[in-house]
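A short write-up of the structure that comes next.
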Amino acid sequence: MNTKSVEAIIQPREPHFVGDGFSVHNFIPASYLLDMQRMNLFILLDYGSKYHFDPTEIPKGVGVHPHRGFETVTIAYKGRIEHHDSSGGGGIIGEGDVQWMTAASGILHKEFHESEWSKTGGVMQMVQLWVNLPAKDKMSKPKYQALKKEAISRYILDDGKGEIEVIAGEYMGMKGSASTFTPMYVMNARLKADAEAKFRLPAHYNTALLVIEGSIRVNEGENVPTDNFVLMAQDGEDFVINANEDAVVLILSGEPINEPIAAHGPFVMNTRQELMEAFQDFNSGKFGYLEN
Ligand code: MN
């Protein structure tokens with residue numbers, strides 16, 4: 002066993018609102034250990050822990066805004082999110098669904114609670130990740146992968162005590178559902194109490210876990226409670242998750258993109274010049290049009 006050890010367990014920061022619809026704890030890049038390079042290619046992680054929204058006729062969310070230079074990955078654990086973008090794409094991200102949007106050269110979009118869900122209200126729990134693109138792909142054509150829960154690959158653990166949803170990457174030969182530009186793993190381990198799940202990921206990949214439900218131990222270490230983040234070291238390949246109770250764990254691991262990052266607001270490029278071009282292109286309407 003060539004152990005990948007725990008580097009740090011990071012508690013959630015105070016949440017803040019994105020628009021009026023998403024109460025999120027930012028882990029990347031605001032956490033003191035997690036700047037945009039440390040988990041690169043995962044350059045942003047906003048985690049919306051469980052938050053109750055009262056019924057409303059006017060859906061809450063985030064209005065029209067641009068992105069360029071990366072992908073946004075939205076995972077709905079609870080609640081329903083409706084999305085529209087300037088390429089005419091759109092859809093509903095229901096519980097267990099994943100939306101993988103390649104903003105690349107530029108897109109406008111808006112993200113709101115789904116209108117029918119808004120009328121009854123309920124608990125929202127979600128993750129939004131920004132996945133960096135290598136320089137050669139930053140200006141590629143935008144695209145969109147809507148991954149429905151039923152269509153996401155899942156590996157049932159041998160003892161039947163849980164399953165690994167393979168959104169991207171591979172687990173025990175089970176290939177992930179999303180197509181990606183560079184090698185990475187995005188998985189949900191849905192574990193029953195006392196389940197054990199083993200992972201082998203490349204030592205040099207940037208790897209982390211986020212506990213969505215329940216509590217776990219990693220490599221038989223201390224308990225990691227709900228909503229906590231586990232940063233893994235780059236010292237080995239193998240680690241083990243044990244569920245203290247029924248648990249859901251998001252597992253992220255990616256080959257680092259060793260390129261400079263120039264980021265401002267919704268744009269993540271390689272140079273300041275490219276950032277300026279992004280703002281100019283946005284201001285001159287080159288990202289298209291989307292009604293508010
Ligand atoms: Mn967005």
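The numbering used here puts the sequence shown at residues 2 to 293. C-beta atoms are modelled at their ideal positions from N, C-alpha and C, and glycine is treated no differently.
Please report the Cβ distance between residue i and residue j, rounded to the nearest whole angstrom; I am assuming they are in contact, meaning their Cβ atoms lie under 8 angstroms.
{"i": "Pro143", "j": "Ser106", "result": "6 angstroms"}
{"i": "Tyr48", "j": "Pro13", "result": "7 angstroms"}
{"i": "Val74", "j": "Leu130", "result": "4 angstroms"}
{"i": "Asp239", "j": "Thr4", "result": "6 angstroms"}
{"i": "Glu171", "j": "Gly177", "result": "6 angstroms"}
{"i": "Val7", "j": "Val187", "result": "Not really, about 20 angstroms apart at Cβ, beyond 8 angstroms."}
{"i": "Asp236", "j": "Ala196", "result": "That pair is no contact at about 25 angstroms."}
{"i": "Lys61", "j": "Asp86", "result": "With a Cβ gap of about 19 angstroms, Lys61 and Asp86 do not count as contacting."}
{"i": "Glu72", "j": "Val132", "result": "4 angstroms"}
{"i": "Ala198", "j": "Ile242", "result": "5 angstroms"}
{"i": "Phe54", "j": "Gly122", "result": "5 angstroms"}
{"i": "Gln104", "j": "Gln146", "result": "The residue asked about is misnamed: residue 104 is Ala in this sequence, not Gln. So it is not a contact: roughly 13 angstroms between Cβ atoms."}
{"i": "Tyr156", "j": "Met140", "result": "Wrong, their Cβ atoms sit about 35 angstroms apart, outside the cutoff."}
{"i": "Ile94", "j": "Gln100", "result": "5 angstroms"}
{"i": "Ile11", "j": "Phe288", "result": "No, Ile11 and Phe288 are not in contact; Cβ-Cβ is about 34 angstroms, not under 8 angstroms."}
{"i": "His17", "j": "Leu291", "result": "No, His17 and Leu291 are not in contact; Cβ-Cβ is about 24 angstroms, not under 8 angstroms."}
{"i": "Ala194", "j": "Ala244", "result": "6 angstroms"}
{"i": "Gly126", "j": "Ser50", "result": "Note on residue identity: the sequence assigns Gln, not Gly, to residue 126. About 6 angstroms; that satisfies the 8 angstroms criterion."}
Tell me the DSSP bridge mates of residue i?
{"i": "Gln100", "result": "Thr75, Ala147"}
{"i": "Pro67", "result": "Leu109"}
{"i": "Asn259", "result": "Looking at the DSSP assignment, Asn259 forms no beta bridge with any residue, so it has no partner."}
{"i": "Ser154", "result": "Val167"}
{"i": "Ser24", "result": "Phe18"}
{"i": "Met270", "result": "Ala263"}
{"i": "Met185", "result": "Gly255"}
{"i": "Glu83", "result": "Ile93, Phe113"}
{"i": "Asp36", "result": "In the DSSP output, where bridge partners are listed per residue, Asp36 has none listed."}
{"i": "Ile29", "result": "Leu46"}
{"i": "Phe288", "result": "According to DSSP, which records beta bridges pairwise, Phe288 is partnered with nothing at all."}
{"i": "Phe54", "result": "Gly123"}
{"i": "Met175", "result": "Tyr172"}
{"i": "Ile11", "result": "Phe230"}
{"i": "Ala190", "result": "Ile165, Val250"}
Is the shortest distance between the beta-carbon of residue i and the beta-carbons of chain B less than 7 angstroms?
{"i": "Asp98", "result": "Chain labels in this structure do not include chain B; a single protein chain is all it has."}
Quick test of the definition: if touching needs 3 or more C-beta pairs under 8 angstroms, does the segment 34 to 44 touch the segment 253 to 267? yes
Contact between the segment 266 to 284 and the segment 213 to 230 is defined here as three or more beta-carbon pairs at a separation below 8 angstroms; is this criterion met? no
Please determine if the segment 110 to 129 and the segment 159 to 176 are in contact, where contact requires at least 3 C-beta pairs separated by less than 8 angstroms. no
Taking contact to mean at least 3 C-beta pairs separated by less than 8 angstroms, is the segment 78 to 87 in contact with the segment 261 to 273? no
Is the segment 148 to 155 touching the segment 63 to 72 in the sense that three or more CB pairs, one from each, lie closer than 8 angstroms? no
Tell me the start and end of each unbroken beta strand (DSSP E) in the segment 103 to 148 that is at least 3 residues and wholly inside, in chain order. 108 to 114, 123 to 133, 144 to 148
Runs of beta strand (DSSP E) lying entirely within the segment 192 to 255, each at least 3 residues, in chain order: 197 to 201, 207 to 214, 217 to 219, 230 to 233, 239 to 244, 248 to 255
Exercise answer, beta-carbon shell around ligand 1 heavy atoms below 7 angstroms: Val63, His66, His68, Thr73, His110, Glu112, Pro267
If we count Cβ pairs, one from each stretch, closer than 8 angstroms, do we get three or more for the segment 232 to 249 versus the segment 196 to 214? yes
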